[in-house]
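So the structure is just underneath, and the comments pick up after that.
In this note's numbering, the protein residues as written are 80 to 334.
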């Protein structure tokens, strides 16, 4: 803007030197032109100043909203809090049989109980396992329903309680079980459902004394039967389930 005004002033001065007889008029025109230029310059300066001020305000508002989240975002960030547990081993599963009472299980025999909705946890042990034996297990699944609970561990171990964990019994499992047990779900008094890594599903209604198969064949048996039926050079399938989900009606989907 300053260069533009200087150019106009220089042009007017040159014109007045070229036309000496009209010096008065030229001077008047020069003054008028300079006045108009100054007004335009002031208008432009005011416009730029307002634009810069507005831009800075918008930037500060954006920065402020980034640093200070909206009330809803701030509230959402406070929904989680860290809870201390009485061991440093990996936790694999947690389940509650009431709004305040529950258990969690983990590696190296980790086992804890809460009676205040998970705010605090107390270490527990299984009465039918000694300390040296208990630490060798990795408890992966715990499930409770109405004070009756089941715990599944590796090496393969299934424990059952009918008195909210005060006492436990070991449930024997057949060595001919297809695959390794991967989940157990408490369904009510003396009733539970168990799945294996081969896709087998079993149910018990007498606290684990007997288990009844719920599927005709395992997943690998189904795949082998399909791939080998009339197909030359069919390969043998060998694999295991890494995850499964059960809906409220008892139907499963597995990966």
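Think of the CB as a built atom: it goes at the ideal place given N, C-alpha and C, for glycine as much as any other residue. Predicted, not measured: the structure shown is a model, and the values here were computed from it.
*Cβ shell of residue 190 (< 6 Å), same chain only, five flanking positions each side left out*: As a position in the chain shown, residue 190 is number 111, starting the count at 1. Closer than 6 Å at the Cβ level, and outside the excluded window around residue 190, lie 184, 203.
Can you tell me the Cβ-Cβ gap for residue 250 and residue 266, rounded? I've got them flagged as a contact below 8 Å. On the chain shown, residue 250 is found 171 positions in, with the first residue counted as 1. On the chain shown, residue 266 is found 187 positions in, with the first residue counted as 1. So it is not a contact: roughly 15 Å between Cβ atoms.
* To do: Please specify which runs of the alpha helix (DSSP H), each continuous and at least 4 residues long, are wholly inside the region 187–275, giving them in chain order.
  => 210–213
- Query: How far does the beta strand (DSSP E) with residue 175 in it reach, from first residue to last?
  - Reply: Here residue 175 refers to the residue found at position 96 when the chain shown is read from its first residue. Taken as a continuous stretch (DSSP letters only), the beta strand (DSSP E) holding residue 175 covers 170–175.
- Message: How far does the beta strand (DSSP E) with residue 161 in it extend, from its first residue to its last?
- Response: In the chain shown, the residue the question calls residue 161 occupies position 82. No beta strand (DSSP E) contains residue 161, which DSSP labels as neither H nor E.
Nearest neighbour of residue 300, chosen from 246, 287, 279, 284 [CA to CA]: As a first step, residue 300 must be located in the chain shown, where it is residue number 221. Of the candidates 246, 287, 279, 284, the one whose C-alpha sits nearest the C-alpha of residue 300 is 279.
Would you identify the three-state DSSP class for residue 300, choosing helix, strand or coil? Translated into positions along the chain shown, residue 300 becomes position 221. Helix, per DSSP.
### Identity of the residue in 288, 303, 276 nearest residue 252 by Cα
For the purposes of this step, residue 252 is taken as the residue at position 173 of the chain shown. The option with the nearest alpha carbon to residue 252 is 288.
Helix, strand or coil, according to DSSP, for residue 324 in the structure here?
In the chain shown, residue 324 corresponds to position 245, counting from 1. The answer is strand: DSSP assigns residue 324 an E or B state.
- Rounded to whole angstroms, how far is the Cβ of residue 193 from the Cβ of residue 181, which I believe are closer than 8 Å? On the chain shown, residue 193 is found 114 positions in, with the first residue counted as 1. On the chain shown, residue 181 is found 102 positions in, with the first residue counted as 1. About 5 Å; that satisfies the 8 Å criterion.
Pick out whichever of 171, 197, 333, 220 has its Cα sitting closest to the Cα of residue 159. The residue you call residue 159 lines up with position 80 of the chain shown. For residue 159, the nearest C-alpha among the options comes from 197.
Notebook entry, point to check: When we look at the beta-carbon of residue 332 and count the other beta-carbons within 10 Å, is it buried (16 or more) or exposed?
Noted result: Position 253 of the chain shown, counted from the start, is the residue given in the question as residue 332. By the 10 Å Cβ count, residue 332 comes out exposed.
Inset, instruction - Locate the beta strand (DSSP E) running through residue 181, then write down its first and last residues. - result: For the purposes of this step, residue 181 is taken as residue 102 along the chain shown, with counting starting at 1. Where residue 181 is concerned, the enclosing beta strand (DSSP E) stretches over 181–185.
Margin query: Could you pull the DSSP bridge partners for residue 292 from this structure?
Written below: Along the chain shown, one-based indexing puts residue 292 at 213. Paired residues: 281.
Buried/exposed call for residue 162, threshold 16 Cβ in 10 Å
Locating residue 162 in the chain shown gives position 83, where the first residue counts as 1. By the 10 Å Cβ count, residue 162 comes out exposed.
Check your understanding: Whose CA, out of 256, 172, 321, lies closest to the CA of residue 230?
Key -> Working through the chain shown from its first residue, we reach residue 230 at position 151. It is 172 whose Cα lies nearest to the Cα of residue 230.
Applying the 10 Å Cβ sphere with the 16-neighbour rule, what's the burial state of residue 260? Stepping through the chain shown from its first residue, residue 260 is reached at position 181. Residue 260 comes out buried.
Taking Cβ positions, are residue 186 and residue 168 nearer each other than 8 Å? Within the chain shown, numbered from 1, the residue matching residue 186 stands at position 107. Within the chain shown, numbered from 1, the residue matching residue 168 stands at position 89. Yes, these two residues count as a Cβ contact at 8 Å.
- Under a CB-based cut-off of 8 Å, is residue 216 close to chain C? Going by chain labels, chain C is absent from the structure shown, which holds only one protein chain.
What residue does the beta strand (DSSP E) around residue 333 start on, and which one ends it?
Taking the chain shown and counting its residues from 1, the one referred to as residue 333 is at position 254. Counting along the chain, the beta strand (DSSP E) containing residue 333 begins and ends at 331–333.
*residue 217 versus residue 303 - alpha carbon distance*: Here residue 217 corresponds to residue number 138 of the chain shown, with the count starting at 1. Here residue 303 corresponds to residue number 224 of the chain shown, with the count starting at 1. Cα-Cα distance, rounded: 32 Å.
Query raised in the report: Using CA coordinates, which residue listed in 324, 248, 177 is at the minimum distance from residue 224?
Result: Position 145 of the chain shown, counted from the start, is the residue given in the question as residue 224. It is 177.
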